[in-house]
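Engineer: Below is the structure I would like to discuss, written out as structure tokens.
Number of protein chains: 2
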Amino acid sequence: MIRVLLAEDQGMVRGALAALLGLERDIDIVAEVARGDDVVPAALAARPDVALLDIEMPGLDGLTAAAQLRAAVPACRVVILTTFGRPGYLRRAMEVGASGFLLKDSPASELASAIRRTAAGARVVDPALAVAALSEGSNPLSEREREVLAASVELATIADIAARLSLSEGTVRNHLSGAIQKVGARNRAEAARIAEDKGWLAPGIDG
Amino acid sequence: MIRVLLAEDQGMVRGALAALLGLERDIDIVAEVARGDDVVPAALAARPDVALLDIEMPGLDGLTAAAQLRAAVPACRVVILTTFGRPGYLRRAMEVGASGFLLKDSPASELASAIRRTAAGARVVDPALAVAALSEGSNPLSEREREVLAASVELATIADIAARLSLSEGTVRNHLSGAIQKVGARNRAEAARIAEDKGWLAPGIDG
DNA sequence: TCCATCCGGTGACGTTCGTCATGACCGGAC
DNA sequence: GTCCGGTCATGACGAACGTCACCGGATGGA
Chain A
972 MIRVLLAEDQ GMVRGALAAL LGLERDIDIV AEVARGDDVV PAALAARPDV ALLDIEMPGL
1032 DGLTAAAQLR AAVPACRVVI LTTFGRPGYL RRAMEVGASG FLLKDSPASE LASAIRRTAA
1092 GARVVDPALA VAALSEGSNP LSEREREVLA ASVELATIAD IAARLSLSEG TVRNHLSGAI
1152 QKVGARNRAE AARIAEDKGW LAPGIDG
Chain B
972 MIRVLLAEDQ GMVRGALAAL LGLERDIDIV AEVARGDDVV PAALAARPDV ALLDIEMPGL
1032 DGLTAAAQLR AAVPACRVVI LTTFGRPGYL RRAMEVGASG FLLKDSPASE LASAIRRTAA
1092 GARVVDPALA VAALSEGSNP LSEREREVLA ASVELATIAD IAARLSLSEG TVRNHLSGAI
1152 QKVGARNRAE AARIAEDKGW LAPGIDG
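Residue numbers (the numbering used here), protein chains in the order written: chain A, 972 to 1178; chain B, 972 to 1178.
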């Protein structure tokens, strides 16, 4: 029996995935959590062989949770299950020691087989996505540039961003200008879109 | 037996929902589609009692598909299943004749019961969400303002938007200015965020 | 040690943006 | 028939933005 921990914030999807895996005779779901910061405690209690982690979760994102989980329960392999095949996500997942990286776009039949293969010690990554991740290059943004650009997504004006981050407006403009040029955009809105798209806005992903 | 059509673009989620509903003895999935424009043809062939439709789908969005389905197969009730509880979405779903509106955030146990209740002729809508939809008021944007603001999400400069929509730059600025004020924002980025959030950017949602 | 890079800040410059006034055309409502 | 709203357009104005040059300091690798 392969013991599986399931971490997914959307209740309907979590329950449905549990039902899907419940059909497999050699898979046993030993824990279900809805928040990233519940992953490690649940894993310590349930001792799963494989943890299936969504990335977008409240409390703690799945990638950071994966890093903590690898440290706390090294025997537990990690499979990331996400909507977005962003190169930066895959790159970070590999750095963090994940064994698998699955897209929710993939056919449902791949889920069980991916869990079995990772439980057996294999790496499971979509080849096309791996190529994309390598060809993209790594995150060119400095930590501060990333932070300022990320803040610009929810804040309307440079003054707002400066206030939020306790910086001068001039400094914010400089960081934004740097980010815009590194990313190849023409203004901060386009820069934020591009960076978001490549998975460069998630925290802790330096160049 | 309740005959159900399942429309969801993400393969993993679609398969998982099918497994979840497969556990119910009185529910039979008679069709599965991954695109909005496959909904009506599949319904004509399979004659479901209930159609479970995601909103975000390629080809045709779930709300438009719902409208076409109500016209083509009036006997088939529609349940919308979506990630986002945007007031504009719910409002449009009701206008289009949907019987149910479910969030993927809800517990998995609600899915089967919602299908049973709609099959029996009831309306199934989260009460809190219904209140939010009513208190929001309807979409204040004119069709042109909506179109311009939606275009500003993916286009960087006003010149780009003007070129895309074959308008003068001045006209684009005027429409954006109108949208910004109606929505209560300080620039087009914030306006787009707010409008998106309320479900006002989807096509065919006039005030 | 030097050098590059990041960080924070300032000031100046030209461009883009958001606003407003104004005008014209068209449609439907009263 | 008149009014009103939406659409398209122009021109002008001030504010916000993006870029650049420049500064000092910290840090870390060559």
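Where is the CB? At the ideal position from N, CA and C, for every residue including glycine. The model shown is predicted, which means the values in this text are computed figures rather than measured ones.
Could you give the C-beta distance for V1021(B) and V984(A), rounded to a whole number, given that I count them as a contact under 8 Å?
Structural biologist: Not a contact, Cβ separation roughly 19 Å.
Engineer: Tell me where the alpha helix (DSSP H) around D1168(A) begins and ends.
Structural biologist: Taken as a continuous stretch (DSSP letters only), the alpha helix (DSSP H) holding D1168(A) covers R1159 to K1169.
Engineer: Using beta carbons (cut-off 8 Å, strictly below), is K1153(A) in contact with chain B?
Structural biologist: It does not: the Cβ of K1153(A) has no partner Cβ on chain B nearer than 8 Å.
Engineer: Looking only at its own chain, which residues have a Cβ that is under 6 Å from the Cβ of R974(B), when we skip the five neighbours before and after it?
Structural biologist: Cβ neighbours of R974(B) beyond the five flanking positions: D999, V1001, P1019 and D1020.
Engineer: Ignoring anything shorter than 4 residues or poking outside the stretch 1108 to 1162 of chain A, list the alpha helix (DSSP H) runs there in chain order.
Structural biologist: Counting whole runs of 4 or more residues, the stretch 1108 to 1162 of chain A contains the alpha helix (DSSP H) stretches 1114 to 1125, 1129 to 1136 and 1140 to 1154.
Engineer: With 8 Å as the limit, tell me which residues of the stretch 1065 to 1092 of chain A have their beta carbon closer than that to any beta carbon of chain B; keep them in chain order.
Structural biologist: So the list reads L1073, L1074, K1075, D1076, S1077, P1078, A1079, S1080, E1081 and L1082, given in the order they occur along the chain.
Engineer: Against chain A, which members of the stretch 1116 to 1150 of chain B pass a CB distance test of less than 7 Å?
Structural biologist: Of all residues in the stretch 1116 to 1150 of chain B, A1127 and T1128 have a Cβ within less than 7 Å of some Cβ in chain A.
Engineer: DSSP on V1004(B), reduced to helix/strand/coil?
Structural biologist: V1004(B): strand per DSSP, three-state reduction.
Engineer: If you run the structure through DSSP and keep just helix, strand and coil, what is I1051(B)?
Structural biologist: Here I1051(B) sits in strand by DSSP.
Engineer: If you count every other CB in all the chains shown that lies within 10 Å of the CB of Q1152(B), and 16 or more means buried, which is it?
Structural biologist: Counting Cβ neighbours within 10 Å, Q1152(B) comes out exposed, since fewer than 16 surround it.
Engineer: Where Y1060(B) and E1116(A) are concerned, what is the direct C-alpha to C-alpha distance, given to the nearest angstrom?
Structural biologist: Approximately 35 Å, taken between the alpha carbons.
Engineer: Rounded to a whole number of angstroms, what is the C-alpha to C-alpha distance between A1079(A) and L1120(A)?
Structural biologist: Roughly 36 Å between the two C-alpha positions.
Engineer: Kindly list the residues whose CB is nearer than 8 Å to the CB of A1036(A), restricted to its own chain and excluding five residues on each side of it in sequence; keep chain order.
Structural biologist: So the qualifying residues of the chain are A978, G1007, D1008, V1010, V1011, L1024 and M1028.
Engineer: What is the C-beta distance between V1096(B) and G1068(B), in whole angstroms, given that I count them as a contact (C-beta under 8 Å)?
Structural biologist: Contact doesn't hold; Cβ gap of about 13 Å is too wide.
Engineer: Verify whether the separation of the beta carbon atoms of A1064(A) and A990(B) is less than 8 Å.
Structural biologist: Contact: no.
Engineer: For D1076(A) versus G1170(B), is the C-beta spacing smaller than 8 Å?
Structural biologist: Contact flag unset, no.
Engineer: Give the interface partners of T1053(B) over in chain A, defined as CB-CB distance under 8 Å, in chain order.
Structural biologist: Chain A residues near T1053(B): none, gap ~10 Å exceeds 8 Å.
Engineer: Say whether the stretch 1091 to 1110 of chain B touches the stretch 1123 to 1143 of chain B, bearing in mind that this needs 3 or more beta-carbon pairs closer than 8 Å, one atom from each stretch.
Structural biologist: No: the two stretches stay apart, fewer than three of their Cβ pairs being nearer than 8 Å.
Engineer: Could you check if E1003(B) is buried or exposed, using at least 16 other CB atoms within 10 Å of its CB as the buried criterion?
Structural biologist: The residue in question, E1003(B), is buried, as its Cβ has 16 or more Cβ neighbours within 10 Å.
Engineer: On the DSSP letters alone, give me the boundaries of the alpha helix (DSSP H) that G1033(A) sits inside.
Structural biologist: Segment G1033 to A1043, the alpha helix (DSSP H) holding G1033(A).
Engineer: In the DSSP assignment, the beta strand (DSSP E) including R996(A) goes from what residue to what residue?
Structural biologist: Note, R996(A): premise wrong, no beta strand (DSSP E); not H, not E.
Engineer: Quick one: Cα of A1160(B) to Cα of I1026(A), how far?
Structural biologist: Computed Cα separation, rounded: 26 Å.
Engineer: Could you pull out every residue in the same chain whose Cβ sits closer than 6 Å to the Cβ of T1053(A), ignoring the five residues on either side in sequence?
Structural biologist: Taken in chain order, the residues that qualify are I1026.
Engineer: Nearest to N1110(A) by alpha carbon, out of A1043(A), A1162(A) and R996(A)?
Structural biologist: Nearest of A1043(A), A1162(A) and R996(A) to N1110(A), Cα basis: A1162(A).
Engineer: Using 8 Å as the limit for Cβ to Cβ distance, is E1027(B) near chain A?
Structural biologist: Not one chain A Cβ lies under 8 Å of E1027(B).
Engineer: For E1114(B), go through chain A and note every residue whose CB falls closer than 7 Å to its CB, in chain order.
Structural biologist: None at all; the shortest Cβ gap to chain A is about 23 Å.
Engineer: Once you ignore the five residues that flank A1133(A) on each side, which residues in its own chain have a CB closer than 8 Å to its CB?
Structural biologist: The answer, listed in chain order, is S1139, E1140, T1142 and V1143.
Engineer: Which class does V1067(A) belong to by DSSP, given the choice of helix, strand or coil?
Structural biologist: Coil, per DSSP.
Engineer: Is there at least one Cβ from chain B nearer than 8 Å to I1176(A)'s Cβ?
Structural biologist: With a pLDDT of 47 at I1176(A), under the threshold of 50, the modelled position of this residue cannot be trusted; read the value that follows with caution. So no, I1176(A) is outside the interface.
Engineer: Return helix, strand or coil for R1057(A), following the three-state DSSP convention.
Structural biologist: Three-state result, R1057(A): coil.
Engineer: Quick one: grab the DSSP three-state call for I1086(B).
Structural biologist: Helix, per DSSP.
Engineer: Which of the three DSSP states, helix, strand or coil, is assigned to A1103(A)?
Structural biologist: Three-state DSSP puts A1103(A) in a helix.
Engineer: A1166(A) and L1112(A): beta carbons closer than 8 Å?
Structural biologist: A contact, by the Cβ cut-off of 8 Å.
Engineer: Quick one: residues in its chain with C-beta nearer than 8 Å to the C-beta of G1178(B), no 5 flanking neighbours on either side, listed in chain order?
Structural biologist: Note on G1178(B): pLDDT 41, under 50, position unreliable in the model; the coordinate value appears next. Cβ neighbours of G1178(B) beyond the five flanking positions: S1109, N1110, P1111, L1112 and S1113.
Engineer: From the beta carbon of L988(B), is the nearest beta carbon of chain A less than 8 Å away?
Structural biologist: It does: the Cβ of L988(B) has a partner Cβ on chain A nearer than 8 Å.
Engineer: Could you work out which residues of chain A lie near L976(B), taking near to mean beta carbons separated by less than 8 Å?
Structural biologist: Those do not exist, as L976(B) stays about 16 Å from chain A at its closest Cβ, beyond 8 Å.
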